Amino acid sequence: MKIAPVAVAFLSLATPLFGQQTPQSLAESELPSLLTTYKDLHTNPELSTHEQRTAAIVAKGLKAAGCEVTENFGKYPSPSMKCYGVVGVMKNGAGPTVLVRTDLDALPVEEETGLPYASKVVTKNDEGKEVHVMHACGHDIHMSVFLGTAQALAKMKDQWHGTILFIGQPAEETVGGARAMLEDGLYTKFPKPDFALGVHDDAEVAAGKVGLTEGYACANVDSVNVTVRGIGGHGAYPHKTKDPVVLAAEIINAWQTIASRENNPVDPIVVTVGDIHGGTKRNIVSNEVRMELTVRTYKSDVRDRVLAAIERIAKGCAMAAGIPKELEPIVEVQKDQFTPAMYNNPELTKRIAAVFQKTFGADNVETRPATMGGEDFSEFSLPDHSIPALQFSLGAVAPDKVMESRKTGRPLPSLHSSKFAPVPEPTIKTGVIAMTDAVLELMKK
Ligand SMILES: [Zn+2]
Ligand SMILES: [Zn+2]
10 MKIAPVAVAF LSLATPLFGQ QTPQSLAESE LPSLLTTYKD LHTNPELSTH EQRTAAIVAK
70 GLKAAGCEVT ENFGKYPSPS MKCYGVVGVM KNGAGPTVLV RTDLDALPVE EETGLPYASK
130 VVTKNDEGKE VHVMHACGHD IHMSVFLGTA QALAKMKDQW HGTILFIGQP AEETVGGARA
190 MLEDGLYTKF PKPDFALGVH DDAEVAAGKV GLTEGYACAN VDSVNVTVRG IGGHGAYPHK
250 TKDPVVLAAE IINAWQTIAS RENNPVDPIV VTVGDIHGGT KRNIVSNEVR MELTVRTYKS
310 DVRDRVLAAI ERIAKGCAMA AGIPKELEPI VEVQKDQFTP AMYNNPELTK RIAAVFQKTF
370 GADNVETRPA TMGGEDFSEF SLPDHSIPAL QFSLGAVAPD KVMESRKTGR PLPSLHSSKF
430 APVPEPTIKT GVIAMTDAVL ELMKK
């Protein structure tokens with residue numbers, strides 16, 4: 010891919026009327042305060058579902074931009090858990106409703122960037138274990154872009170009409186924050202959006218650039234627990250046992266044939282057994298083996314088929330091994346942990362791509378590959394994708410580092426890495442211009 014210098018070529022492309030404010034001029038003037046906010050958020054990260062301080066900063070910024078703000082919005086399945094969702098409504102007459110979302114949470118990672126504003130936060134996680142905390146996914150970048158966008162749009166009310174729903178969403182990394190806000194009535198207590206926009210920083214793209222993926226961009230994520238049961242006994246007398254370890258091994262291999270033999274190869278799927286536990290000692294055949302799977306798909310009919318195949322194969326292998334019916338494997342799909350696939354509406358993606366190309370120049374707009382990762386921004390699009398949604402990506406890496414990595418093939422620190430150190434400038438400024446431009450495109454007068 011051609012790498013263009015991070016020239017501020019886009020500045021010269023803007024042709025404002027005399028005295029009229031532009032996303033560029035506003036991003037520029039807000040930048041010093043956004044960088045201060047960014048560094049504060051980066052130094053003080055909070056774990057998923059514990060975003061109290063972070064949410065307060067986001068709420069304060071939205072209020073300063075003139076939004077009507079609702080805090081602590083969202084309902085988790087467990088009534089004892091407080092949800093730190095933030096909703097800011099910016100009204101500007103009749104017109105379309107557009108949702109703009111940022112996530113709030115950080116990760117249990119010990120920061121190793123060596124940055125002067127690196128996080129040194131240590132806290133206890135929900136299991137009571139001491140963990141370090143870091144914004145290793147760049148959600149602090151998203152919040153800075155989000156607040157800059159709110160400030161810019163507040164000052165450009167002469168150029169758009171309608172209602173903007175600014176969403177500060179907790180618990181993206183653990184999944185559940187977006188759903189908690191929808192469960193609490195986000196689309197009934199507030200105007201239902203005509204479009205939803207999100208942004209995610211990209212650890213492989215140069216700062217100053219943006220990226221787009223049309224169609225499926227992230228996968229359906231299912232968590233499945235499987236318990237394979239056998240009949241334990243002495244390791245020296247296998248004929249008197251039904252060994253669940255051997256059976257589990259067979260099942261794992263057979264599951265891989267779902268992708269290779271049962272599935273249309275143009276529909277990607279992943280079945281990964283990430284965790285397996287069975288047995289206590291080398292000479293004992295155990296009674297059971299427990300496995301935890303992550304299952305990734307795009308289309309919902311493919312998802313249904315893969316989940317059914319996992320159960321059918323587990324039970325079929327057990328039958329072939331002579332396991333009695335009452336001890337057949339237990340297959341549990343963890344419905345509360347499901348994340349739907351993220352689908353970037355093709356029409357919306359093309360429309361915003363054209364805007365970005367005009368603003369930043371075609372060389373600074375990259376097509377990014379889809380992944381089988383998960384992202385619960387998809388929830389705001391609803392299960393049938395009936396609300397057209399787009400999450401674009403924002404280059405966050407020093408351009409010379411991207412160039413070197415593409416030349417040498419040496420990978421850059423990825424998202425979630427303890428060494429991921431996005432460059433705040435020009436990442437945040439580019440993000441504010443891009444998000445403001447995208448909203449203006451959908452709401453222009
Ligand atoms: Zn992440
Ligand atoms: Zn993230």
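The letter at position 381 of the sequence shown is residue 390 when you use this note's numbering, and the numbering goes up by one with no holes.
Every residue, glycine too, gets a C-beta built ideally from N, C-alpha and C.
Predicted model only: the values in this text are computed from it and were never measured.
A distance below 7 Å between beta-carbons, with the five flanking residues on each side excluded, links Leu56 to the following residues of its chain, in chain order: Asp114, Ala115, Pro117, Thr132, Asn134 and Val142. For ligand 1, the residues with a Cβ under 7 Å from any of its heavy atoms are, in chain order, Leu116, Cys146, Glu181, Glu182, Leu424 and His425.
At a threshold of 7 Å, His148 counts as near ligand 2, since its beta carbon sits closer than that to one of the ligand's heavy atoms. A straight-line Cα-Cα distance of about 49 Å links Arg62 and Glu259.
Sixteen is the threshold: when 16 or more other Cβ atoms of the shown chains lie within 10 Å of the Cβ of Asp112, as they do, the residue is buried.
Taking C-alpha positions only, Cys227 is separated from Leu403 by approximately 16 Å.
Taking Met381 as reference, the option from Gly137, Lys129, Met99 and Thr306 with the minimal CA-CA separation is Thr306. Counting along the chain, the unbroken beta strand (DSSP E) around Asn101 starts and ends at Gly94 to Asn101. In the DSSP assignment, Phe175 falls within the beta strand (DSSP E) that extends over Gly171 to Gln178.
In this structure, the beta-carbon distance from Asp211 to Arg377 falls below 8 Å. For Arg305, the enclosing beta strand (DSSP E) has its first and last residue at Glu297 to Thr306. For a cut-off of 8 Å, the C-beta gap from Leu156 to Gly70 is around 4 Å, short enough to register as a contact. By the criterion of at least three beta-carbon pairs nearer than 8 Å, the stretch 182 to 201 is in contact with the stretch 82 to 100. Relative to ligand 2, even the nearest heavy atom lies 7 Å or more away from the CB of His144.
Taking the Cβ of Asp112 as the reference point, at least one heavy atom of ligand 2 falls within a distance shorter than 7 Å.
With a cut-off of 8 Å on Cβ pairs, the stretch 195 to 203 is not in contact with the stretch 437 to 444, counting fewer than three such pairs.
Ranked by how close their Cα comes to the Cα of Thr172, the residues Cys76, Ser89, Asp393 and Gly220 have Cys76 in first place. Take Glu388, set aside five residues on each side of it, and the residues of its chain with a beta-carbon closer than 7 Å to its own are Ala187, Arg188, Leu191 and Pro349, in chain order. Using a C-beta cut-off of 8 Å, the stretch 362 to 371 makes contact with the stretch 441 to 451, since at least three inter-stretch Cβ pairs fall below that distance. Not one heavy atom of ligand 2 is found less than 7 Å from the C-beta of His51. Taking 8 Å as the cut-off, the beta carbon of Lys166 is found no closer than this to the beta carbon of Asn234. In the pairwise beta carbon analysis, the stretch 251 to 267 is classified as not touching the stretch 216 to 230: fewer than three pairs are separated by under 8 Å.
Inclusion of Ala405 and Pro422 in the CB contact set at 8 Å is not warranted, their separation being larger than that value. By the neighbour-count criterion, in which a residue is buried when 16 or more other Cβ atoms sit within 10 angstroms of its Cβ, Ser395 is exposed. Linking Thr46 to Thr158 through their CA atoms gives a straight-line distance of about 14 Å. Taking 8 Å as the cut-off, the Cβ atoms of Ala74 and Gln178 do not count as close.
With at least 16 other beta carbons inside 10 angstroms of its own, His51 counts as buried. Ligand 2 approaches His209 closely enough that one of its heavy atoms is under 7 Å from the residue's Cβ. Here the alpha carbon of Val107 sits roughly 26 Å from the alpha carbon of Lys308. Taking the Cα positions, Ala323 is about 10 Å away from Ala317. Val298 is the residue among Lys290, Val298 and Ala327 whose C-alpha sits nearest the C-alpha of Val282. Residues Asp446, Ala447 and Glu450 of the same chain have their beta carbon placed closer than 7 Å to that of Val364, with the five preceding and five following residues left out of the count. Cβ neighbours of Ala362 within its own chain (closer than 6 Å, five residues either side excluded): Leu221. With contact defined as three or more Cβ pairs closer than 8 Å, the stretch 411 to 427 and the stretch 330 to 349 are not in contact. Under the three-state reduction of DSSP, His151 is assigned to helix. In this structure, the straight-line span from the alpha carbon of Val140 to that of Glu120 is close to 11 Å.
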